[in-house]
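This report refers to the structure that appears directly beneath it.
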C-alpha cells in the first residue's frame with residue numbers, strides 16, 4: 001500500500017514555502033495577516049468574529065460624525081463671532097468667512113498622506129494622530145482673538161486632523177466586507193450627516209450659554225475622548241509590509257481609469273457644497289422666510305444622511321444623473337416651500353449618497369489592497385476644487401442681476417455634475433455596459 005502521508009523532508013519544504021509566501025504581510029494593528037494573493041479568500045474577514053467588523057463600522061461612523069459634524073457646525077460660531085466680537089469690521093468678518101472653506105480644503109488636501117500612511121503603516125495610529133489635531137485645533141482657537149488666528153487653528157490644525165481621520169475611516173469598512181460592502185460604507189459615511197444634526201444644535205446651545213471660547217474647549221474634550229475610544233477599533237484585516245513609507249506606489253498615475261476617476265471626483269467636489277451654501281439665500285430672495293429656509297436645509301441634511309446609507313445599493317452614474325437633474329431641472333423652479341422641499345430631498349439624497357459610492361467605485365476599479373492610498377490621492381487632487389467651488393459660484397452670482405439672478409450659478413453647478421457623470425460613465429463602461437443599474 002502506498003503511503004499518502006508526506007515525508008518529514010516534504011513537510012519541511014511545504015512549511016518553508018508557506019512562510020515565504022506569507023512573509024510579505026505584517027500584522028501591525030490589523031486583525032490578522034492577509035492570505036497570500038494566490039489563495040484569495042472571498043471574504044477577507046471570515047476568520048474573525050462578526051463583532052470585529054461591526055465594531056470597525058461603528059467606530060468609523062463615530063469618527064466621521066465628530067470630524068465632519070464639527071466642520072458643519074463652525075458656521076454657528078462664525079455667526080456669533082461676526083455679530084459680537086468683530087461687529088462692524090468688514091475685513092475681519094470676511095476673513096472669518098474663509099475658515100469653513102479652509103477646513104473643507106484641508107480635509108481633502110491631506111487625504112493622500114493619510115491614505116498612504118494608513119495603507120503602509122497603521123489605520124489606527126493615523127486616526128489617533130488625527131484625533132489629536134482635531135482636539136488641539138479648537139482648544140488653541142479658544143484662546144484666539146483675531147480672525148487670522150482662527151484660520152491657523154480652527155482652519156488648518158483642525159482641518160489637518162479631519163483629513164487624517166476622514167480617508168482611513170471612509171475606506172476601512174470596505175476592507176472587511178464583500179457582499180455588504182456598500183451597506184457598511186453607507187452606514188459609515190452617514191456619520192457625516194448625523195454628526196451635523198447632533199453637533200450643530202449642541203454647538204448652538206454651548207455658544208449661547210457659555211460663549212464661543214468655552215464651547216471650543218468643551219468640543220476639544222469630547223473630540224479627544226470619543227475620538228480616542230473610537231480610533232482604537234479602526235483596523236483592517238491585513239496589511240502588506242512590503243509597502244513602506246519609502247516606496248510610494250506611483251503606478252496609479254499611469255492608469256487612464258485612475259485619471260478619469262480623479263477628474264470625476266474633482267468636478268463633484270467643486271459642485272457639492274454650493275447648493276447647501278446658496279439655497280437658503282435663493283429661497284429668501286423668493287419670499288420664503290429665513291426660518292423656513294433653515295428648516296428646508298435641515299431636511300436636505302437628513303436626506304443626505306439617508307442617501308449615504310441607501311446609495312450602497314445603487315450605481316455612481318445614477319447618483320450623478322439624479323444630482324444633475326436636481327440642479328438643472330428642479331432648482332430653478334424651487335421657489336415655493338413645496339418645490340424647495342422636493343429640491344432639498346432629491347439633492348440631499350443623491351449628492352450625499354455620492355460619498356458612499358466614491359470608495360466603492362475605487363474598490364471596483366482598483367481593488368481594496370491600496371484603497372486608502374488611491375482614495376486619498378483622489379481627495380488631495382480635488383482639494384483645489386473644494387477651495388474654488390463656492391468662490392466661483394459666488395462670483396458668477398455677483399455679476400448678472402446684482403446677486404438676484406441665480407440662473408448662471410445653477411447652470412454652473414449642473415454642468416459640473418453633468419461632466420462628472422460623463423467621466424463616471426467612461427469608467428463604468430471599462431468593465432460593464434450596464435451604466436445605471438447594479439450588477
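Numbering (full-length UniProt numbering), first residue to last: 1 to 439. Ideal Cβ positions, reconstructed from N, Cα and C, are used throughout, including at glycine.
Contact set for residue i: own chain, Cβ-Cβ below 7 Å, skip 5 residues either direction
| i | result |
| --- | --- |
| residue 277 | 390 |
| residue 40 | Caution is warranted here: a pLDDT of 42 is assigned to residue 40, below 50, making its placement in the model unreliable, and the coordinate value is therefore given only provisionally. None. |
| residue 274 | 389, 390, 393 and 413 |
| residue 418 | 324 |
| residue 322 | 346 and 350 |
| residue 441 | Absent from the model: residue 441. The displayed extent of the chain is 1 to 439, so no value can be given. |
| residue 284 | 290 and 293 |
| residue 406 | 282 and 397 |
| residue 189 | 64, 170, 308, 355 and 356 |
| residue 296 | 283, 340, 341 and 344 |
| residue 319 | 311, 350, 353, 354 and 357 |
Below-9 Å beta-carbon distance, residue i vs any chain B residue
| i | result |
| --- | --- |
| residue 62 | Annotation note: the requested chain B is absent from the structure, which comprises a single protein chain. |
Nearest to residue i (by Cα), restricted to the options the options
| i | options | result |
| --- | --- | --- |
| residue 208 | 80, 101 and 291 | 80 |
| residue 394 | 317, 103, 282 and 227 | 282 |
| residue 63 | 150, 148 and 162 | 162 |
| residue 423 | 260, 204 and 212 | 260 |
| residue 303 | 73, 193, 126 and 148 | 193 |
| residue 191 | 71, 288, 53 and 427 | 71 |
| residue 165 | 50, 307, 316 and 68 | 68 |
| residue 119 | 201, 373, 405 and 407 | 373 |
| residue 256 | 160, 427 and 106 | 427 |
| residue 175 | 318, 54 and 328 | 54 |
| residue 66 | 228, 258 and 405 | 228 |
| residue 76 | 117, 58, 223 and 204 | 204 |
| residue 366 | 137, 109 and 258 | 258 |
| residue 269 | 51, 326, 105 and 49 | 105 |
| residue 177 | 429, 225 and 49 | 49 |
| residue 445 | 109, 326, 199 and 288 | Nothing can be reported for residue 445, as the shown portion of the chain is limited to 1 through 439. |
Contacting residues, own chain, Cβ-Cβ under 6 Å from residue i (five flanking each side not counted)
| i | result |
| --- | --- |
| residue 331 | 343 and 410 |
| residue 262 | 378 and 381 |
| residue 267 | 416, 419 and 420 |
| residue 147 | 92, 95 and 96 |
| residue 348 | 300, 303 and 304 |
| residue 128 | 231 |
| residue 447 | Residue 447 lies beyond the range of the chain shown here (1 to 439); nothing can be said about it. |
| residue 333 | 339 |
| residue 107 | 159, 162, 163 and 166 |
| residue 264 | 420, 423 and 424 |
| residue 78 | 96 |
Cutoff 8 Å; reference residue i; Cβ partners in own chain excluding five residues on either side
| i | result |
| --- | --- |
| residue 213 | 142 and 143 |
| residue 98 | 151 and 155 |
| residue 298 | 197 |
| residue 375 | 111, 115, 167, 170, 171, 358, 359 and 362 |
| residue 272 | 351, 354 and 389 |
| residue 103 | 71, 74, 154, 155, 158, 159 and 162 |
| residue 139 | 216, 217 and 220 |
| residue 408 | 396, 397, 399 and 400 |
Check: residue i C-beta below 8 Å from any heavy atom of the ligand ADP
| i | result |
| --- | --- |
| residue 292 | Ligands in the displayed structure: none, and consequently the ligand ADP is not present. |
Do three or more CB pairs link the region 116 to 134 to the region 180 to 190 at distances below 8 Å? no
Touch test, the region 322 to 337 against the region 76 to 92, Cβ-Cβ under 8 Å, three pairs minimum: no
Segment contact flag, the region 202 to 218 with the region 88 to 96, C-beta cutoff 8 Å, min 3 pairs: no
contact_flag[the region 367 to 386, the region 285 to 294] where n(CB pairs < 8 Å) is 3 or more: no
Contained alpha helix (DSSP H) runs [length at least 4] in the region 166 to 249, N- to C-terminal order: 181 to 231
Inside the region 46 to 83 only - alpha helix (DSSP H) runs reaching at least 4 residues: 50 to 80
Which runs of the alpha helix (DSSP H) at least 4 residues long sit entirely within the region 119 to 160? Give them in chain order. 123 to 141 and 147 to 150
Taking only runs that begin and end inside the region 332 to 371, name each unbroken alpha helix (DSSP H) of 4 or more residues, in chain order. 337 to 366
Run through the region 383 to 410 for me and flag every whole alpha helix (DSSP H) of 4 or more residues, listed as ranges in chain order. 383 to 398
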